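Encoded as structure tokens, the structure appears first; notes follow it.
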Ligand SMILES: Cc1cc2nc3c(=O)[nH]c(=O)nc-3n(C[C@H](O)[C@H](O)[C@H](O)COP(=O)(O)OP(=O)(O)OC[C@H]3O[C@@H](n4cnc5c(N)ncnc54)[C@H](O)[C@@H]3O)c2cc1C
């Protein structure tokens, strides 16, 4: 068993947790930041590292991976201690301190806890016909676009991710086909229209009925949902973009006030437990919108409102990072 102490414990190294780590460092505190994933960056790293993001203040466009690198660089200035691959399992919160115990037997004691657990742990919705083909040509996210270069790529799904990836693959793949079980798409109509103009092939309403090949997938059998007609497409790469199943896991058992798998927070981001704050996608309050820009603001609110508990001599307002006095 390992024991650690920090001024502030941050559960979740997604974009909100990384920004909270920066802000806590800026306030002069030590932090332990834990995440059950092996890499920092939360949903961005796991699901859309190569996508451009257009609504982060100050960046007309920034690639997911680059935003995470910059958030990490900003936080790392204050040397947070990362525990990656560790899940926060138990919480003990009192007026004196907070204690987190992890699934790999680490106990961390802090003066405040900020929960930035996002949507919790998430796993992709499986492709029923593809169970044996994971890592043998079947993937659920595009984390390395080059891996699909020159291949016949079949994308399964009709949401924004499916269409984004179709566009991303088009210049690099030998062919791109989108297979969707309905005629209507959840993705933006303009993305579908543009994809058709680019020559991306659409198969609707079809479902994938089998994947075939030797070591790696070589072709995909699809069946028309109404007529039963079977078509076989060449495919060395199949990307199943069918959404994901999320679970906030142990956090639900910590005695927090929870509404629809989200933690209820007050305007200062405090929760119903002493010394416990929350920020980012995991929170709910009237008017909440689960976006990156909100998460950053909430992280700053949570950290600064924890200040009187972490360092009683400090006020809530941190002063300006630019050093300008007002
Ligand atoms: C495909 C896609 C595209 C998107 N595009 C945009 C966009 O263009 N603009 C925008 O503003 N938003 C976008 N979003 C939403 C945005 O990604 C989220 O709002 C953001 O990631 C929330 O950050 P977070 O840090 O609060 O949570 P998350 O990113 O979910 O990170 C939470 C982290 O906490 C960890 N965790 C959870 N429970 C525990 C535990 N018990 N112990 C340890 N670790 C734990 C998880 O493993 C995870 O890494 C998009 C989301 C998706 C899926």
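Residue numbers (my numbering): 464 to 789.
Just so you know, even glycine gets a beta-carbon here, dropped at the ideal spot from N, CA and C.
If you're wondering where the values come from, they're calculated on a predicted model, not measured in any experiment.
Continuous alpha helix (DSSP H) stretch holding residue i: start and end
i, result
"residue 531", "527 to 539"
"residue 471", "Looking at the DSSP string, residue 471 is not in any alpha helix (DSSP H); the run it does join, the beta strand (DSSP E), is 465 to 474."
"residue 756", "755 to 773"
"residue 479", "478 to 489"
Unbroken beta strand (DSSP E) run spanning residue i, endpoints
i, result
"residue 710", "707 to 710"
"residue 573", "569 to 578"
"residue 563", "561 to 565"
Distance between residue j and residue i (C-alpha atoms, nearest Å)
i, j, result
"residue 689", "residue 585", "32 Å"
"residue 751", "residue 661", "37 Å"
"residue 732", "residue 606", "33 Å"
"residue 765", "residue 740", "6 Å"
"residue 684", "residue 511", "27 Å"
"residue 600", "residue 640", "15 Å"
"residue 755", "residue 762", "11 Å"
"residue 560", "residue 775", "14 Å"
"residue 753", "residue 742", "10 Å"
"residue 735", "residue 760", "20 Å"
"residue 727", "residue 632", "40 Å"
"residue 516", "residue 664", "26 Å"
"residue 537", "residue 485", "6 Å"
"residue 783", "residue 682", "58 Å"
"residue 543", "residue 550", "17 Å"
"residue 794", "residue 489", "Absent from the structure is residue 794, since the part of the chain shown begins at 464 and ends at 789."
Contact under 7 Å by Cβ, residue i with residue j
i, j, result
"residue 722", "residue 747", "yes"
"residue 691", "residue 650", "no"
"residue 654", "residue 568", "no"
"residue 666", "residue 642", "yes"
"residue 581", "residue 475", "yes"
"residue 570", "residue 480", "no"
"residue 521", "residue 507", "no"
"residue 717", "residue 534", "no"
"residue 613", "residue 674", "no"
"residue 556", "residue 730", "no"
"residue 698", "residue 566", "no"
"residue 611", "residue 636", "yes"
"residue 471", "residue 504", "no"
Own chain residues within Cβ distance below 8 Å of residue i, not counting five before or after
i, result
"residue 583", "709, 710, 711, 712, 714, 724, 745"
Same chain, Cβ closer than 6 Å to residue i, five either side skipped, listed in chain order
i, result
"residue 767", "779, 781"
"residue 603", "587, 703"
"residue 777", "770"
"residue 679", "599, 600"
"residue 620", "704, 705"
"residue 576", "472, 561, 739"
"residue 789", "Here the model assigns residue 789 a pLDDT of 42, short of 50, so the residue's position is not dependable, and the following value carries that caveat. Taken in chain order, the list of residues that qualify is empty."
beta-carbon residue i near ligand 2 non-hydrogen atom, thresh 6 Å
i, result
"residue 710", "This structure does not include ligand 2; its bound ligands are ligand 1."
Same chain, Cβ closer than 7 Å to residue i, five either side skipped, listed in chain order
i, result
"residue 501", "547, 548"
Quiz item: Counting only runs that start and end within the segment 717 to 744, where is the beta strand (DSSP E) found for 3 or more residues in a row?
Solution: With a minimum length of 3 residues, the unbroken runs of beta strand (DSSP E) contained wholly in the segment 717 to 744 fall at 725 to 727, 739 to 741.
Quiz item: For the segment 611 to 642, which segments carrying the alpha helix (DSSP H) assignment without a break, of at least 4 residues, lie completely within its bounds, in sequence order?
Solution: 623 to 632
Self-check item: Length at least 3, wholly inside the segment 634 to 691: the beta strand (DSSP E) runs in chain order
Solution: 638 to 642, 664 to 666, 669 to 676, 680 to 687
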